[in-house]
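Enquirer:
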Amino acid sequence: EDKVVQSPLSLVVHEGDTVTLNCSYEVTNFRSLLWYKQEKKAPTFLFMLTSSGIEKKSGRLSSILDKKELFSILNITATQTGDSAIYLCAVTDSGGYQKVTFGTGTKLQVIP
Amino acid sequence: EAQVTQNPRYLITVTGKKLTVTCSQNMNHEYMSWYRQDPGLGLRQIYYSMNVEVTDKGDVPEGYKVSRKEKRNFPLILESPSPNQTSLYFCASSFSTSSYNEQFFGPGTRLTVL
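So the protein lines, in turn, are chains A and B. Sequential numbering of the first sequence, starting at -11, is according to this note's numbering. Sequential numbering of the second sequence, starting at 12, is according to this note's numbering.
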C-alpha cells in the first residue's frame, strides 16, 4: 500500500520567514509526486515532480524531489499571510495516474 | 466558467437513509474521482472513473457506490449511510488519464450522518 508522510504537521511562522515542508513516501512503482495548496475550500494544484534533482519553481514557491531518498521538499520564501493554508503532498504510481495517495498535510500559519 | 460543481454543499442525515451527492464538470474531462477528507487522515480516494462506464475502487470504497453514465457527471451514492461516513467529500476531475493532468476539485460537500 502506498504511503505518504508529511512533516511537520503544523507550523507557525512570521511574515518574511522562509519555510521548508517535508514529504516522504513509499510507493511500489513511483510515477509522480504532487503538491497541492488547500485554503478554506478545495485543494489547488502547485507542482508535479517526476525527475530527481530538478527544481520546480513558481514565484516564491519551489519544490524538489529526491527519488533515491524518497522525499520531496516544498520551500516558500518571504512568506506572506496569504500563504497560510494546508499543503498536501501526494503520489501516483506507475499503475496509472488515476490512483492518487495523499499525505495528511502540513498546516502553515503565517502571522504578521 | 470552467468548474466542478457538487450538490448539496452541506447535508445532515440519519443512519440508513440513502443519499446521493452529485458531481458535475463542464470541462469535458475524462477522469473523475471522489475523495473524503478527515482530520488526521488527509484526503483518501474513494472511487475514480477513467471514462464513461469505467470506474474503479480507490483506497476506501466500502459503503459507497458510483456510476458514470455521462462524461460530465459522477454521482456518489451512499446506500445506507453510517456515522463513520461523516466527512468532507471532494469530487475532482482532470483532462486525461494517459498522463497526469492537474486535478480540479469541486467545492466540497460536508456530510453529517447522525
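Glycine included, each C-beta is placed from N, C-alpha and C at the ideal position. What you are looking at is a predicted structure, and each value in this text was computed from that prediction instead of being measured.
Could you give the uninterrupted runs of the beta strand (DSSP E) lying entirely in the segment 3 to 50 of chain A, keeping only those of 3 residues or more?
Expert: 7 to 14, 18 to 26, 31 to 37, 44 to 46, all fully within the segment 3 to 50 of chain A.
Enquirer: Three or more beta-carbon pairs under 8 Å between the segment 87 to 98 of chain B and the segment 21 to 29 of chain B, yes or no?
Expert: Yes, the segment 87 to 98 of chain B is in contact with the segment 21 to 29 of chain B.
Enquirer: Would you say Tyr42/B faces chain A, with C-beta separation under 8 Å as the test?
Expert: What you label residue 42/B is simply residue 31 of the second sequence in a count that begins at 1. Cβ-Cβ to chain A under 8 Å: yes for Tyr42/B.
Enquirer: Check the Cβ of Phe90/A against every Cβ in chain B and list those closer than 9 Å, keeping chain order.
Expert: For this step, residue 90/A is matched to residue 102 along the first sequence. Within 9 Å Cβ-Cβ: Tyr46, Gln48, Gly53, Leu54, Arg55, Gln56.
Enquirer: Verify the CB distance criterion: does Gln14/B have a CB-CB separation below 8 Å to chain A?
Expert: Position 3 of the second sequence holds residue 14/B. No, no contact with chain A.
Enquirer: Between the segment 4 to 35 of chain A and chain B, which residues of the former have CB atoms less than 8 Å from a CB of the latter, in chain order?
Expert: The residues in question are Arg19, Ser20, Leu22, Lys29, Ala30, Pro31, Thr32, Phe33.
Enquirer: Measure the beta-carbon distance from Gln56/B to Val88/A and round it to whole angstroms, keeping in mind my assumption that it falls under 8 Å.
Expert: On the second sequence, position 45 is the one that residue 56/B refers to. On the first sequence, position 100 is the one that residue 88/A refers to. The Cβ separation is near 6 Å, so the contact holds.
Enquirer: How would you list, in chain order, the residues of chain B whose beta-carbon sits under 7 Å from the beta-carbon of Gly47/A?
Expert: Along the first sequence, one-based indexing puts residue 47/A at 59. Neighbours of Gly47/A on chain B: none; closest Cβ ~17 Å, over 7 Å.
Enquirer: Lys44/A CB to nearest chain B CB: under 8 Å?
Expert: Looking up residue 44/A in the first sequence gives position 56. No - not a single Cβ of chain B is within 8 Å of the one on Lys44/A.
Enquirer: With distances taken from CA atoms, which of Gln48/B, Gln17/B, Asn62/B is nearest Val32/B?
Expert: In the second sequence, the residue the question calls residue 32/B occupies position 21. When each option's Cα is compared against that of Val32/B, the closest is Gln17/B.
Enquirer: What residue does the beta strand (DSSP E) around Asn37/B start on, and which one ends it?
Expert: Residue mapping note: residue 37/B aligns to position 26 of the second sequence, counting from 1. Counting along the chain, Asn37/B falls outside any beta strand (DSSP E), and DSSP gives it neither H nor E.
Enquirer: How is Gln68/A classed by DSSP in three states: helix, strand or coil?
Expert: To locate residue 68/A, count along the first sequence from 1; it is residue 80. In the structure shown, Gln68/A sits in coil (DSSP, three-state: anything other than H, G, I, E or B).
Enquirer: Restricting to Cα atoms, I'd like to know which of Val0/A, Ala30/A, Ser51/A is closest to Ser39/A.
Expert: Looking up residue 39/A in the first sequence gives position 51. Ser39/A has its Cα closest to that of Ser51/A, out of Val0/A, Ala30/A, Ser51/A.
Enquirer: So which residues on chain A does Phe101/B lean against when the C-beta distance must stay under 9 Å?
Expert: For the purposes of this step, residue 101/B is taken as the residue at position 90 of the second sequence. Those are Ala30, Pro31, listed as they occur along chain A.
Enquirer: Under the DSSP definition of a beta bridge, which residues are partnered with Thr26/B?
Expert: Here residue 26/B refers to the residue found at position 15 of the second sequence. Paired residues: none, contrary to the question.
Enquirer: Mind checking which residues open and close the beta strand (DSSP E) that includes Asn84/B?
Expert: The count along the second sequence starts at 1 and reaches residue 84/B at position 73. Looking at the DSSP string, Asn84/B is not in any beta strand (DSSP E), and its letter there is neither H nor E.
Enquirer: Counting C-beta neighbours from all protein chains within 10 Å, is the total for Val65/B 16 or more, i.e. buried, or is it exposed?
Expert: In the second sequence, the residue the question calls residue 65/B occupies position 54. By the 10 Å Cβ count, Val65/B comes out exposed.
Enquirer: Mind checking whether Val79/A and Val(-8)/A have CB atoms under 8 Å apart?
Expert: Along the first sequence, read from residue 1 onward, the residue named residue 79/A stands at position 91. Along the first sequence, read from residue 1 onward, the residue named residue -8/A stands at position 4. Taking 8 Å as the Cβ cut-off, Val79/A and Val(-8)/A qualify as a contacting pair.
Enquirer: So if DSSP puts Gly53/B in a beta bridge, which residue, or which two residues, is it bridged to?
Expert: Indexing the second sequence from 1 puts residue 53/B at position 42. Note: Gly53/B sits in a beta bridge opposite Asp49/B.
Enquirer: To the nearest angstrom, how far is the alpha carbon of Thr67/A from that of Pro31/A?
Expert: Start at 1 with the first residue of the first sequence, and residue 67/A comes out as number 79. Start at 1 with the first residue of the first sequence, and residue 31/A comes out as number 43. If you take the alpha carbons of Thr67/A and Pro31/A, they lie about 19 Å apart.
Enquirer: Closer than 6 Å by C-beta to Arg121/B: which residues in its own chain qualify, once you throw out the five before and the five after it? Chain order, please.
Expert: Taking the first residue of the second sequence as position 1, residue 121/B is located at position 110. Answer for Arg121/B: Tyr21, Leu99, listed in chain order.
Enquirer: With a CB to CB cut of under 6 Å and the five nearest residues on each side skipped, what residues in its chain are close to Glu27/A?
Expert: Walking along the first sequence from the start, residue 27/A turns up at place 39. Around Glu27/A: Ala73.
Enquirer: Using a threshold of 8 Å, state whether the C-beta atoms of Met61/B and Glu81/B are closer than that.
Expert: Taking the first residue of the second sequence as 1, we reach residue 61/B at position 50. Taking the first residue of the second sequence as 1, we reach residue 81/B at position 70. No, the Cβ-Cβ distance between Met61/B and Glu81/B is not below 8 Å.
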